[in-house]
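I have placed the structure first, in the form of C-alpha cells, so that the comments after it can refer back to it.
Numbering (this note's numbering), first residue to last: 2 to 561.
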C-alpha cells in the first residue's frame, strides 16, 4: 500500500519561536576515499551552521578528531551505540537525554544552510507536525544553482519535529528500521501519519543539501527495500506529471493527469467518509457503502459482459469461468455457483449494491488490488459513477491518533456480520483497551456469523445460503440501525438486502476483525507496524472453531 499527499506550503508565523536545535545522525568511515570526503564535508558545514545548537553522532564507535576531519569539536557529542543507526534510536535518545527543542535527524551526506532559521517560524513548536524534506543536489561551484532533486515525493533525507510532541517508548518501536535502506524515508512518513502527525515536505522553506557526486550506493534495492506500507508526500505546487512518472504502474497505461492526486490520503479520505456519514445520520437517511472486491468484482463484470451479449458465452470465457472464476469464488469468497443462472444472478445482485449507493469504496490504481482486477475495477467506476472513498480508509488503525470514522456511529445499534463473532463477543466489554480508545462509544451490538461456506466447507448454491441469511436479518431488523459487514463474497449482496429493508450498511471487509484486536497472518505480514504500535494482551488470534475447513487455502490462511 502506498498513500499519497500533496504537502501544504508553510505559512510563516509572524513571531519566531526560538529554541535549541539539535542535529542527530551517524558518522562512519567509508571505504572509498571520495565518498568519505563528501561525508566529512557535510559534517563540517553543519558544525559551521550558527543555528545548530549541538550535533549528536550516534556512532558504531568513537572516532578521532582526524577521522572526523574536525578541529573544533565544541558542537559535537559522540555516543557509541555499537551498531548501525535505526530511526528508533533517534527517538529513544531524545527521550533518554531529555532533550528539549527542535530535533533534526538526517543522513550523513546532508547539510543545512542559513534557511534553518525558518524553523523558528514554523508551527512545529505548536502542533503535532513534522517536516520530511526533499533535498537539493549541492552545486559546489555555484551553490545558488543547486537543483531540487526531481522534484520527487518518494525521497526525503532530513526529518524535523519538536520535543513538545515527542513519542512514548512504546511508539518508538514502530521506527525500528535502519537509515539508508531503500524505502526507509517512505516508511518514516507512513508512521508519522499513522501516529497523527501533520507532515510537510516543503524543501524551499528549510533547505537541505545533498553531497553525493561519487554516486556510490551500498544497497541492493530489491533485496533491501523496507516493507510497505509506504507514504509519499509531494512538495507544494508540483504538477501531476511528476506524479504520473512516479506512480504509473509499469504494466498499465494512464493518460497524464488522469489520476486524481487529491485522493488516497488517509486524512482527506477519512474526513470525506466522516462528512458523508454525519450528513446521512443527522438527516436520518438510510445508506449503503459497498466496496469493489477482488475475484467477486471480476465475476460480476464477466456476468455483465455475458448479459450485454445476449447471454452468448465464447468458449474461452466459459473456460475461464469454470476453471478460474468459480473455483476461486468458492474457495476464497465462499460463493458456490451451481450453474449459469446463479452466476448471472450473482452479477446482478453485486452490481445492484453499487447502483443503490451514493458513495462506494475503491482502490488506488497503483496498488495490488487494482492491478489484479484493472478491467473490472474500471468497469464499476465508469459504468456506475458515484462519490468514492479509498478502500484503505476501512483500515481503522490509520485514524486512531486523529479521528476514527467509527465515532460518527456513536450511540447506534450495530449489527456486526463477521466469521469471528465468538471472538468479537469476548472483546465488546474490553474494546477500549484494544487501541486505547473506544472505537464505538455508547454503541450496542448484535452479532451474526454468516454462512461459513469458504475453503472446503460444504455449501448450497449461494442464492440459497444468502436467502436464509437475509431472512434471519429481516427477523432482527428492529434490533439494529447500521450493519458493519465482513462476509466474503456475500458482503455487497448482504449490504444491499439490508439497505432494501430500510437500514444502513457498510461493507468493511476482512479488516473488520482488526477493529476488535483479532489479527491473522495478513496483518502480521502486511501491517507489522500496526501490531508493534497497538498489540497488547487484549489482542488475540481467531478461535480454532472459527477456522473453516481448508482455511490454509483461503488467500494463504491470511485471516487466521
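C-beta: ideal position from N, C-alpha, C; glycine also.
As the structure is a prediction and not an experimental result, all values here were calculated from the model.
{"Asked": "Residue 123 versus 9, 366, 314 and 518, residue with shortest Cα-Cα distance", "Found": "9"}
{"Asked": "Span separating the alpha-carbon of residue 322 from that of residue 512", "Found": "28 angstroms"}
{"Asked": "Alpha-carbon spacing of residue 380 relative to residue 231, whole angstroms", "Found": "28 angstroms"}
{"Asked": "Cut-off 8 angstroms between Cβ atoms - residues of its own chain near residue 119, not counting five sequence neighbours on either side", "Found": "11, 13, 206 and 207"}
{"Asked": "Residue 15 at chain B interface by Cβ criterion, 9 angstroms", "Found": "As a matter of chain content, chain B is missing from the structure shown, which is built from one protein chain."}
{"Asked": "Entirely enclosed alpha helix (DSSP H) segments - the region 388 to 430, minimum 4 residues", "Found": "422 to 428"}
{"Asked": "Residue 524: first and last residue of the uninterrupted alpha helix (DSSP H) it sits in", "Found": "522 to 527"}
{"Asked": "Where residue 292 falls, given that 16 or more other Cβ within 10 Å makes a residue buried", "Found": "buried"}
{"Asked": "Cβ separation of residue 282 and residue 358, assumed to be a contact under 8 angstroms, to the nearest whole Å", "Found": "About 16 angstroms; that fails the 8 angstroms criterion."}
{"Asked": "Rounded straight-line distance, which links the Cα of residue 308 to that of residue 202", "Found": "50 angstroms"}
{"Asked": "Cβ-based burial, residue 340 [other Cβ within 10 Å; buried from 16]", "Found": "exposed"}
{"Asked": "Continuous beta strand (DSSP E) assignments of at least 3 residues falling wholly in the region 467 to 508", "Found": "483 to 486 and 505 to 508"}
{"Asked": "Integer Cβ distance of residue 209 from residue 134, believed to fall under 8 angstroms", "Found": "5 angstroms"}
{"Asked": "Ordered list of alpha helix (DSSP H) runs contained in the region 140 to 181, each at least 4 residues", "Found": "170 to 173"}
{"Asked": "Pairwise C-alpha distance: residue 81 and residue 93", "Found": "14 angstroms"}
{"Asked": "9 angstroms Cβ cutoff met for residue 300 and residue 330", "Found": "yes"}
{"Asked": "Three CB pairs or more closer than 8 angstroms across the region 404 to 416 and the region 439 to 447", "Found": "yes"}
{"Asked": "Check whether residue 346 and residue 490 have beta carbons under 9 angstroms apart", "Found": "no"}
{"Asked": "In DSSP terms, what residue 200 is bridged to", "Found": "131"}
{"Asked": "Sequence-distant residues of its chain with Cβ nearer than 6 angstroms to residue 507 (five each side left out)", "Found": "290 and 485"}
{"Asked": "C-alpha gap between residue 454 and residue 59, whole angstroms", "Found": "55 angstroms"}
{"Asked": "Residue 78 - partner residues in DSSP beta bridges", "Found": "57"}
{"Asked": "Nearest-angstrom Cα separation, counted from residue 25 out to residue 57", "Found": "5 angstroms"}
{"Asked": "Residues that DSSP places opposite residue 4 in a beta bridge", "Found": "232"}
{"Asked": "Whole-angstrom C-beta distance between residue 417 and residue 425, which should lie under 8 angstroms", "Found": "6 angstroms"}
{"Asked": "Proximal residues to residue 44 (C-beta, below 6 angstroms), its chain only, five neighbours per side dropped", "Found": "none"}
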